[in-house]
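S.K.: This is the structure, below, for whatever I ask next.
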Amino acid sequence: MKGNFFISQEEKERLFHTQLVKYGVKFEKAAKVAKILASGESEEFWTEEERQLVTETCEEWLKAHKRYKHLVSLFQYTRR
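Per my numbering, the very first residue in the sequence shown carries number 1; after that it's consecutive.
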């Protein structure tokens with residue numbers, strides 16, 4: 001079942017920001033990147049600075065997220 005629902009740009013921005021900060025991205029940096037991602041603007045129209053900032057931040061987020069998932073799996077393994 002596929003649901004169609006509307007989510008405002010402000011809410012998208014809040015969601016991106018929350019996830020970025022949750023995994024260790026600095027608050028201000030996360031706010032800038034969240035605004036860019038939530039804008040819905042195609043990457044083609046981003047400035048080089050925006051592209052670099054988003055790439056760097058998403059790589060930082062991914063590294064921390066993978067680390068978190070690994071730690072959770074280790075914790076679950078040791079509880080058996």
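Ideal Cβ positions, reconstructed from N, Cα and C, are used throughout, including at glycine.
Please read these numbers as outputs of a predicted model, since none were measured by experiment.
1) My guess is that serine 42 and glutamine 9 are in contact by the Cβ rule of under 8 Å, so how many angstroms apart are they, rounded?
2) Where tyrosine 68 and glutamate 50 are concerned, what is the direct C-alpha to C-alpha distance, given to the nearest angstrom?
3) DSSP three-state call for lysine 26: helix, strand or coil?
4) Please report how far the alpha carbon of lysine 12 lies from the alpha carbon of isoleucine 36, in whole angstroms.
5) So threonine 57 and leucine 20 are in contact, right, with Cβ under 8 Å, and what is the actual spacing, rounded?
M.R.: The relevant details are as follows:
1) In the sequence shown, counting from the first residue as 1, residue 42 sits at position 42. In the sequence shown, counting from the first residue as 1, residue 9 sits at position 9. Not confirmed; about 15 Å, so no contact.
2) Here residue 68 refers to the residue found at position 68 of the sequence shown. Here residue 50 refers to the residue found at position 50 of the sequence shown. So the two alpha carbons sit approximately 27 Å from each other.
3) By 1-based counting over the sequence shown, the position of residue 26 is 26. Of the three classes helix, strand and coil, the one that applies to lysine 26 here is coil, per DSSP.
4) If you number the sequence shown from 1, residue 12 lands on position 12. If you number the sequence shown from 1, residue 36 lands on position 36. Their backbone Cα atoms lie some 10 Å apart in a straight line.
5) Start at 1 with the first residue of the sequence shown, and residue 57 comes out as number 57. Start at 1 with the first residue of the sequence shown, and residue 20 comes out as number 20. Indeed they touch by this definition, with Cβ atoms about 7 Å apart.
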